[in-house]
């Protein structure tokens, strides 16, 4: 795998994790059926991206920690 592909996969995992964290936070505020569906879809997308990255030997936990740190920083 070249550097460009590796960067793409890492960025995709990061974006999926950020989406998962944001939708989970929104679901806590709005407990509607739609927000639950969106949160579950984001969770499954993040898990799928993590699975793919894990198969290519990328640092999944490091990327997740970076996303969590960024989310906490944005949240305030």
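Residue numbers (the working numbering): 214 to 289. Just so it is clear, CB atoms sit at the ideal spot from N, CA and C, and this is done for glycine as well.
Q) Can you name, in chain order, every residue of its own chain whose Cβ lies under 8 Å from the Cβ of residue 259, other than the five neighbours on each side? A) 226, 229, 230, 232 and 233
Q. Per DSSP, what kind of secondary structure is residue 289 in: helix, strand or coil?
A. coil
Q. In the structure shown, what three-state DSSP assignment does residue 242 receive?
A. helix
Q | Secondary structure of residue 269, DSSP reduced to three states | A | coil
Q. For residue 274, is the classification buried or exposed, using 16 other Cβ atoms within 10 angstroms of its Cβ as the cut-off for buried?
A. exposed
(Q) Can you find the residues in the same chain that come closer than 7 Å, C-beta to C-beta, to residue 296, ignoring five residues on each side of it along the sequence? (A) In the structure displayed, the chain extends from 214 to 289; residue 296 sits before or after that span and is not available.
Q.
With H, G and I counted as helix, E and B as strand and the rest as coil, what does DSSP make of residue 225?
A. helix
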